[in-house]
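Scroll down for the structure; my scribbles are underneath it.
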Amino acid sequence: MGVNQNRKHRGYNFAFLDENTKREIRRKLLKAVAIPGYQVPFASPELPIARGWGTGGLQITMAIIGPGDVLKVIDQGCDGSVNAVNIRKLLVKTTGVATTFDTNAASIIQTRHRIPEEAMRQDQILVLQVPIPEPLRYVEASEAKTREMHGEMDYSRMWVYLYENIVQYGEITIGARYPSLVNRRYLIDPSPIPRWDVPKLNQAETLYLFGAGREKRIYAVPPHTLAEPLEFEDFRFRVEDFTGRSCIRCGATDTYMNEMYDSSSGRKLFVCSDSGYCDRRREQSVTQNLACAEPTGHPLGRVPPKAEALVAPIQERSRSYPTASKEAGALEQVVIEGKEAR
Amino acid sequence: MGYVAVAGGEEAITNAEALVAFYRLKGGSTPVQVRQIREQMRLAVDKVMSEGSLYAPGIAALALKQAEGDGIEASFIVRAYRATQPRRYVSLPVDTRQMRVIRRISGAFQDVPGGQVLGPTRDYTQRLVDFALLGETPELAAGFFKKIGVQTSRSALPDTFPKVIDLLRREGLMAEPGDRDRALSDITREAISFPCNRSAKLQSLARGETGVMMALAYSSMRGFGDIHPYLGELRVGTVPLFINHRAKKHPVYLGPVLVTEAEIISGQYEDDQGIPKLTLGYGLCFGHNELKAIAMGVLDRTMQSQAPQRAPAEDEEFVLYHIDGIESSGFSAHWKLPHYVTFQSTLDRLRRTQKLKEEADTLGREPEPETPGL
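Respectively, the protein sequence lines represent chains A and B. For the first sequence, position 330 (counting from the first letter as 1) is numbered 330 according to our numbering, and the numbering increases by one without interruption. Heads up: take any position in the second sequence, counting from 1, add 1000, and you land on our numbering.
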């Protein structure tokens, strides 16, 4: 209740943008879906959120959201992160839509730097915030030239870059933002998601929309589309290695984790970056029912979602909107547990 | 407990907002009136209107108050507000020959028709701290008004001034921009692409951030590029703005707009017929902002460079993609956002390459690609 029921958006149009601007974005989105991986320029007017802080993703969400949608906003995988809170607040204030922390319950998820751990469905859309939409920026600074290179599908310099990486360091050194070829045609920057998340783009059930507000570009990876990270036959693409690590909150060993230092003990701790998934695992471990939320596993060997997750209608799911204090409480626990573990 | 600090959520945001207001007011002085900012911080307001790309002195002054005087933040507020305003009309072209000038100088000619009019300028003041201002009171201000007289006889000053470059044009010394340059874009409705037409260039420059434009123009003046600019003319004044309205037969007068205009004349260049000519760089911005107008004029000219090796200020992509204060400040500030996920990914790569290097070093040879499939 409370925030969920907030329907007032007086003074501004529904979802802030005027209808003409939304229409333009939708047209550009259709083009982006029709030409997977192609960067479509769009007008990208200024928003009351700073450039570089998610304005591209925000404009896409504003253009596609309807009153019946259930929204989830994450930053670094976390619902409680200040920037996610800020973006969620703006969207709720101007649309009054219901929000959730639960990946399965959301119809639209706007995200920065992560794709949720739980597999998403075909009735869901993931909107990614993009700082630098041009994958060829690694090798070419000029936009005019990179557009030409895309036009000619000339990605040779990118291959050489990867090769030189291997020669110099013995390994491809790109961390996040791993260049991937979509539909065997356009090279994309999948936004700064870790390599861990890149395989989730490939032949997915879900529509992935990418918005770069400052750079004024929109692109898409539609469902059931090839999205292949660049790799050599003898030098494979590899995700981040968390061997031997487990989350101190939920005990997961098969999620993307952030490391942190316990300030009192100086110990290095690991915690799931996907806070919604981590919370769910904790809740379920309390009710001894971990099986229900079987993780998708290693991204390279995806496990399909459980059938019941697909069947359960969105309406029946809880639309909890935990308050900040609750969230802070949960986080407090992290540290306390860390101490206990010591 | 860094993790808690960055994930504080809604309550932290609300408290931060209240703290901002607290810091603005905690000194205990009378709250600044927007009218005071508008009138007495005139140049700051002008800069915000220009960089925010909206001619609205009241809103710009309010934004400055809200932003505690931070010009870029205020411009951002104005720009975001502008984006919500419907665009119903397009103004008719403004002829700056019709400008009601408050200041007008030429650096290229000693004596120009109409004369040099210094107007309100600090150019020839000594930059000494004026301690007398510490004791400024409304009474003192009133006394000042009584004393100040108009030393120039009114009849001697014409309403409008001829343009310096028109003289050069008449003599056949100026190269004219070709017709292919006449296409009109709207950079707020369509992302710019390259090569960029002149209208999109000028629009981008007109709302660029003064400091960065000055730095880029300065780099060219210093020698990164071969532009040797002359200030053909700089004028500050109001121009009348008109629109066509469906219900009216004649153009409708909207009001005066204060602008600064700079015409930069630069070196030799051969026109279409191979005749050596002078070229023009054009600068125009809202309000009284001479540095910006001059920098804009210089950059408009540098971007016309035909040099095979382009200096930064001559590369239109380099200039136009980096002069917007709203975009550059937003992205520069976004590093404050958490980047744990990407940093984790970077660490993963770094540790891996360190390990490979160590292994290679212990073997006493260069790193070698590992066996496939690992």
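Don't be surprised by glycine CBs; every beta carbon is placed ideally from N, CA and C.
Given residue i as reference, the closest of the options once Cα atoms are compared
i: Ser237(A); options: Arg1038(B), Arg1349(B), Thr1096(B), Glu1261(B); result: Sequence inspection shows Phe at residue 237(A); the Ser mentioned does not correspond to that position. When only C-alpha atoms are compared, the closest one is Arg1349(B).
i: Glu233(A); options: Asn183(A), Trp159(A), Ile218(A), Ser191(A); result: Trp159(A)
i: Ile1165(B); options: Ile1264(B), Ser1199(B), Lys1146(B); result: Ile1264(B)
i: Leu1031(B); options: Tyr1218(B), Lys1065(B), Leu1043(B); result: Looking at the sequence shown, residue 1031(B) is not Leu but Pro. Looking at the Cα atoms, Lys1065(B) is the closest of the given residues.
i: Ser193(A); options: Ile174(A), Ala144(A), Asp18(A), Ala204(A); result: The question names Ser, but residue 193(A) is Ile in the sequence shown. With distances taken between Cα atoms, Ile193(A) lies closest to Ile174(A).
i: Asp1123(B); options: Ala1142(B), Asp1111(B), Arg1103(B); result: Arg1103(B)
i: Pro344(A); options: His224(A), Ser265(A), Asp197(A); result: Residue 344(A) lies beyond the range of chain A shown here (1 to 342); nothing can be said about it.
i: Leu1184(B); options: Asp1095(B), Val1090(B), Gln1110(B); result: Val1090(B)
i: Arg98(A); options: Asp154(A), Arg282(A), Arg214(A), Leu71(A); result: Note that residue 98(A) is Ala in the sequence shown, not Arg. If we check each option's Cα against that of Ala98(A), Leu71(A) comes out closest.
i: Pro1162(B); options: Pro1120(B), Leu1234(B), Leu1205(B), Leu1202(B); result: Leu1234(B)
i: Glu1190(B); options: Leu269(A), Lys216(A), Lys31(A); result: Lys216(A)
i: Gly1073(B); options: Leu1363(B), Tyr1253(B), Ser1329(B); result: It is worth fixing the name first, because residue 1073(B) is Glu in this sequence and not Gly. For Glu1073(B), the nearest C-alpha among the options comes from Ser1329(B).
i: Gly80(A); options: Ala1307(B), Ile1013(B), Gly1267(B); result: Ile1013(B)
i: Leu226(A); options: Leu187(A), Ser246(A), Ala212(A), Asn258(A); result: Leu187(A)
i: Val82(A); options: Pro67(A), Arg112(A), Met260(A); result: Arg112(A)
i: Asp102(A); options: Gln284(A), Tyr277(A), Arg282(A); result: Tyr277(A)
i: Glu1358(B); options: Gly170(A), Lys22(A), Asp69(A), Phe14(A); result: Gly170(A)
i: Thr1096(B); options: Ser1204(B), Phe1144(B), His1288(B), Val1239(B); result: Val1239(B)
i: Ser1345(B); options: Phe235(A), Asp197(A), Ser285(A); result: Asp197(A)
i: Arg88(A); options: Trp53(A), Gln122(A), Ala119(A), Met120(A); result: Trp53(A)
i: Pro131(A); options: His1245(B), Leu1043(B), His1339(B), Pro1251(B); result: His1339(B)
6 Å CB neighbourhood of residue i in its chain, flanking five on each side removed
i: Glu1379(B); result: For residue 1379(B) there is no data in the structure shown, the boundaries of chain B being 1001 and 1374.
i: Ser318(A); result: Here Ser318(A) scores only 35 on pLDDT, less than 50, and its place in the model is too uncertain to base an answer on.
i: Gly1237(B); result: Met1099, Arg1100, Val1101, Ile1102
i: Val311(A); result: Low confidence applies here, because Val311(A) scores a pLDDT of 33, under 50, leaving its location unreliable and the question unanswered by this model.
i: Phe16(A); result: Met62, Thr94
i: Ala1295(B); result: Met1213, Met1214, Ala1217
i: Gly1267(B); result: His1228
i: Pro1057(B); result: Arg1038, Val1045
i: Phe1076(B); result: Ile1326
i: Thr55(A); result: Leu47, Ile49, Gly213
i: Pro116(A); result: Thr103, Asp274
i: Thr1362(B); result: none
i: Ala1311(B); result: Phe1224, Gly1225
i: Ile74(A); result: Ala84, Thr111
Those residues which DSSP pairs with residue i across a bridge
i: Pro41(A); result: Arg217(A)
i: Gly1237(B); result: Val1101(B), Val1259(B)
i: Lys1277(B); result: Tyr1269(B)
i: Asn13(A); result: Phe16(A)
i: Cys1285(B); result: Thr1260(B)
i: Tyr1230(B); result: Ile1265(B)
i: Met260(A); result: Leu269(A)
i: Asp75(A); result: Cys78(A), Arg112(A)
i: Ile1243(B); result: Ser1091(B), Val1252(B)
Beta-carbon proximity list for residue i, same chain, < 7 Å, skipping 5 on both sides
i: Pro1158(B); result: Gly1114
i: Val139(A); result: Arg157, Met158, Tyr161
i: Arg1024(B); result: Glu1068
i: Asp1226(B); result: Ala1307
i: Met1174(B); result: Ile1165, Leu1168, Lys1277, Leu1278, Leu1280
i: Gly1373(B); result: Confidence at Gly1373(B) is low in this model, with a pLDDT of 49, below 50, so its placement is unreliable and no value can be given for it.
i: Gly301(A); result: Annotation note: pLDDT 31 at Gly301(A) (below 50); position unreliable, coordinate value reported separately. Contacts found: none.
i: Leu201(A); result: Ser180, Pro190, Tyr208, Val221, Ala227
Own chain, CB closer than 8 Å to residue i, minus 5 neighbours either side, in chain order
i: Ile1059(B); result: Val1078, Tyr1081
i: Ala220(A); result: Leu29, Ala32, Val33, Pro36, Gly37, Leu207, Tyr208, Leu209, Phe210
i: Asn1015(B); result: none
i: Ser1106(B); result: Val1112, Gln1116, Val1164, Leu1231, Gly1232, Glu1233, Leu1234
Mind pulling the alpha helix (DSSP H) runs of 4 or more residues that sit fully within the segment 1137-1215 of chain B?
For the segment 1137-1215 of chain B, whole alpha helix (DSSP H) runs of length 4 or above, ordered along the chain, are 1138-1147, 1164-1170, 1198-1206.
In the segment 84-119 of chain A, which residue ranges form an unbroken alpha helix (DSSP H) of at least 4 residues, counting only runs that do not cross its ends?
Under the rule that a run must span 4 or more residues, no alpha helix (DSSP H) segment is found entirely inside the segment 84-119 of chain A.
Tell me which residues of the segment 60-85 of chain A have at least one Cβ-Cβ distance to chain B shorter than 7 Å, keeping chain order.
So the list reads Asp75, Gln76, Gly77, Cys78, Gly80, Ser81, Val82, Asn83, Val85, given in the order they occur along the chain.
Taking only beta carbons into account, state which residues of the segment 1058-1083 of chain B come closer than 9 Å to chain A, listed in chain order.
Using a CB distance below 9 Å, the part of the segment 1058-1083 of chain B facing chain A consists of Phe1076, Ile1077, Arg1079, Ala1080, Tyr1081, Arg1082, Ala1083, ordered along the chain.
Using a Cβ-Cβ cutoff of 7 Å, what residues of the segment 203-228 of chain A are near chain B? List them in chain order.
Those would be Arg214, Lys216, in chain order.
Got a sec: which bits of the segment 90-113 of chain A sit with their beta carbon under 7 Å from any beta carbon on chain B, in order along the chain?
Within the segment 90-113 of chain A, the qualifying residues are His113.
Which runs of the beta strand (DSSP E) at least 3 residues long sit entirely within the segment 123-155 of chain A? Give them in chain order.
125-129, all fully within the segment 123-155 of chain A.
Closer than 7 Å, Cβ to any Cβ of chain A: which residues of the segment 1323-1343 of chain B, in chain order?
Within the segment 1323-1343 of chain B, Ile1326, Glu1327, Gly1330, Phe1331, Ala1333, His1334, Leu1337, Pro1338, Tyr1340, Val1341, Thr1342 place their CB atoms closer than 7 Å to a CB of chain A, listed in sequence order.
If you scan the segment 1287-1363 of chain B from start to end, which runs of the alpha helix (DSSP H) of 4 or more residues do you find wholly inside it?
Correct list: 1290-1302, 1316-1322, 1325-1333, 1340-1363.
Quick check on the DSSP output: what are the complete beta strand (DSSP E) runs of length 3 or more inside the segment 1056-1106 of chain B, in order along the chain?
Within the segment 1056-1106 of chain B, the complete beta strand (DSSP E) runs of at least 3 residues are 1100-1105.
Pull out every residue of the segment 1168-1195 of chain B whose Cβ sits closer than 9 Å to any Cβ of chain A, in chain order.
Residues passing the 9 Å Cβ filter: Asp1186, Ile1187, Thr1188, Arg1189, Glu1190, Ala1191, Ile1192, Ser1193, Phe1194, Pro1195.
Pull out every residue of the segment 1209-1220 of chain B whose Cβ sits closer than 7 Å to any Cβ of chain A, in chain order.
Against chain A - using a Cβ distance shorter than 7 Å - the segment 1209-1220 of chain B contributes no residues.
Using Cβ-Cβ distances below 7 Å, what residues of the segment 147-164 of chain A are close to chain B?
The segment 147-164 of chain A vs chain B, Cβ under 7 Å: nothing.
Using a Cβ-Cβ cutoff of 9 Å, what residues of the segment 22-47 of chain A are near chain B? List them in chain order.
Flagged, chain order: Glu24, Pro41, Phe42, Ala43, Ser44, Pro45, Glu46, Leu47.
Residues, ordered as in the chain, of the segment 230-257 of chain A that lie near chain B by beta-carbon distance below 8 Å
Those would be Glu233, Asp234, Phe235, Arg236, Glu240, Asp241, Tyr256, Met257, in chain order.
For the segment 173-193 of chain A, which residues have a beta carbon sitting closer than 8 Å to at least one beta carbon of chain B?
Among the residues of the segment 173-193 of chain A, those with a Cβ less than 8 Å away from any Cβ of chain B are Thr173, Ile174, Gly175, Ala176, Arg177, Pro192, Ile193, in the order of the chain.
Contact residues within the segment 1352-1363 of chain B, judged by C-beta distance below 8 Å to chain A:
Close to chain A, meaning a Cβ-Cβ distance shorter than 8 Å, are the following residues of the segment 1352-1363 of chain B: Arg1352, Thr1353, Leu1356, Lys1357, Ala1360.
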